[in-house]
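What follows is a short report on a single structure.
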Amino acid sequence: SAARCISNAGSTRPSPLAFAFDIDGVLLRGTKVLPEAKRALASLDGANALGVKIPYILMTNGGGVGEDERSARLTKQLGVPITPANLIQAHTILKSHAHEYADKNVLVLGGRRDVLRKVAEGYGFRNVYTTLDVKSWNPNVWPFYDLTPSEVASIKPADFSTTPIAAIFVFHDPRNWALDIQIMSDVILSRGLIGAPYTSPDDSVKVVFCNPDLVWRGGFERSRLGQGAFREAFQAVFTALTGKPYPHVQYGKPTTATYDFARGVLQQRIGEAYGEPAARQANFYMVGDNPESDIAGANAAGWSSVLVHTGVYDPASGPPAHAPTHEAPDVEAAVRWAVEREA
Ligand code: G3P
Ligand code: MG
Numbered sequence: 023s024a025a026r027c028i029s030n031a032g033s034t035r036p037s038p039l040a041f042a043f044d045i046d047g048v049l050l051r052g053t054k055v056l057p058e059a060k061r062a063l064a065s066l067d068g069a070n071a072l073g074v075k076i077p078y079i080l081m082t083n084g085g086g087v088g089e090d091e092r093s094a095r096l097t098k099q100l101g102v103p104i105t106p107a108n109l110i111q112a113h114t115i116l117k118s119h120a121h122e123y124a125d126k127n128v129l130v131l132g133g134r135r136d137v138l139r140k141v142a143e144g145y146g147f148r149n150v151y152t153t154l155d156v157k158s159w160n161p162n163v164w165p166f167y168d169l170t171p172s173e174v175a176s177i178k179p180a181d182f183s184t185t186p187i188a189a190i191f192v193f194h195d196p197r198n199w200a201l202d203i204q205i206m207s208d209v210i211l212s213r214g215l216i217g218a219p220y221t222s223p224d225d226s227v228k229v230v231f232c233n234p235d236l237v238w239r240g241g242f243e244r245s246r247l248g249q250g251a252f253r254e255a256f257q258a259v260f261t262a263l264t265g266k267p268y269p270h271v272q273y274g275k276p277t278t279a280t281y282d283f284a285r286g287v288l289q290q291r292i293g294e295a296y297g298e299p300a301a302r303q304a305n306f307y308m309v310g311d312n313p314e315s316d317i318a319g320a321n322a323a324g325w326s327s328v329l330v331h332t333g334v335y336d337p338a339s340g341p342p343a344h345a346p347t348h349e350a351p352d353v354e355a356a357v358r359w360a361v362e363r364e365a
């Protein structure tokens, strides 16, 4: 379990702080691991100014795969043991909501749909469909795309004229915005039965987005459009169709729901290593590259925030939209500053 990452070996004094690290633009840039990230995380094992193991979690607006698969990949990339218990992805929070839909049909969007269906089922959603299943049911639903042979192989057949969709969950960044916006609009305007006559939309179909990032920092030199841009595109089309945007639930950094969820995970990790009092007394530090998500959310949650210059935020563009507790060139300098501040 995560306790192995932060066992008490070699230290009895509890750590006075704990970290939440953003991933894209802080630890990774696309598939590239930032060298300072490996050194920073390794130092939390005890080789730091406090001489104690410092608890941490990774907290990303990314996703699209299960926490077990992503944490195994991150362990290889970062050279330190990352477990599902200390990884929060954009959609991890949905684990606590899946039971509400156990007997309902849900549509999930984002990433590779065959993988995503397994992630959603792993969370407890039982009747999980993707926009490719809808396209396979009636190719005319969106005539400008043909399923690939591997997509055909992963289809879950259904007749969507008799399979009412109760909710739409955008887990990760959609791959075919046009197909997905068309089918989201059909589901909402036909109140769940695709192809049925459009009615004036009530909010009977719940829509949940898991990542509000308008942009994020991948492997390209400029920031890339994120799931927040997809949400803007959907709402612009839906407003053009109906005169107003559709009400939706938003999770992901900087939302309070996600930071409350992360606080609980961090306190559990600290409690495992140092006991309950330490879990309540530790100071939380968020290290991120995006002022709109990492810094805004941490500030609102009452955590300390450190903005690094290796991702979305460019110091040459002027002061950040949300002022961090501290700015640092990279994650290693951020960790050193926070640890020395608490020493
Ligand atoms: O899709 C991932 C992106 O939106 C941001 O990821 O790790 O910077 O929160 P991260
Ligand atoms: Mg980031």
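Counting in UniProt numbering, the sequence shown runs from 23 upward without gaps. Quick reminder that beta carbons are idealized off the backbone N, C-alpha and C, glycines included.
Pairing VAL330 with ASP352 gives a Cβ-Cβ distance under 8 Å. Looking at the DSSP output, TYR151 bridges to LEU129. Straight-line measurement puts the Cα of ILE45 at about 15 Å from the Cα of HIS113. Put simply, of LEU49, ALA69, GLY68, THR53 the residue whose alpha carbon is nearest the alpha carbon of LYS60 is LEU49. Measuring C-alpha to C-alpha distances from PHE182 to each of PRO161, HIS194, GLU173 identifies PRO161 as the nearest.
Excluding five sequence positions before and after MET81, the CB atoms of its chain that fall closer than 6 Å to its own CB belong to ALA42, ILE110, ALA284, given in chain order.
Ranked by Cα distance from TYR273, the options ASP235, ALA107, SER326 are led by ASP235. The beta carbon of VAL128 is closer than 8 Å to those of ALA142, PHE147, ASN149, VAL150, TYR151, ILE187, ALA188, ALA189, ILE190, PHE191 in its chain, skipping five residues each way along the sequence.
Distance from the C-beta of VAL237 to the nearest heavy atom of the ligand MG is not below 7 Å.
Look at the region 138-200 and you find these whole runs of alpha helix (DSSP H), each 4 residues long or longer: 153-159, 171-175. At a cut-off of 4 residues, the continuous stretches assigned as alpha helix (DSSP H) that sit fully inside the region 200-273 are 249-264. As summarised for the region 73-111, the continuous alpha helix (DSSP H) elements at least 4 residues long and confined to that stretch are 89-100, given in chain order. The region 256-275 and the region 218-237 touch, with no fewer than 3 CB-CB distances between them shorter than 8 Å. By a beta-carbon distance limit of 8 Å, THR280 does not contact ILE104. Their separation comes to about 19 Å. The Cβ neighbour count for ARG239, taken over all protein chains shown within 10 Å, is at least 16; the residue is labelled buried.
Classified as buried, ALA350 has 16 or more neighbouring CB atoms from the shown chains inside 10 Å of its CB. Secondary structure of GLY52 (DSSP, three-state): coil.
By the neighbour-count definition (other C-beta atoms within 10 Å, threshold 16), HIS194 is a buried residue.
In the three-state reduction of the DSSP assignment, ASN305 falls in the strand class, which pools E and B. Residue state for HIS121 is assigned as helix, using DSSP reduced to three classes.
When C-beta atoms of the region 335-346 are compared with those of the region 64-73, fewer than three pairs fall below 8 Å, so the two segments do not count as touching. Judged by the Cβ position, SER315 qualifies as a neighbour of the ligand G3P at the 7 Å threshold, a heavy atom of the ligand being closer than this.
SER37 places its beta carbon less than 8 Å from that of TYR296. Distance check between PRO313 and each of ALA300, TYR335, ALA301, GLY324 places TYR335 closest, using alpha-carbon atoms only.
Assignment of beta-bridge partners to ASP46 by DSSP yields LEU50. Boundaries of the alpha helix (DSSP H) around VAL353: 353-364.
Around the C-beta of GLY133, 16 or more other C-beta atoms lie within 10 Å, and the residue is accordingly described as buried. Assignment of GLY319 by DSSP, reduced to helix, strand and coil, places it in the helix class. When GLY52, PHE252, GLU173 are compared, the shortest CA-CA separation from LEU138 is found for GLU173. Residue pairing of ALA40 in beta bridges, as defined by DSSP: PHE306.
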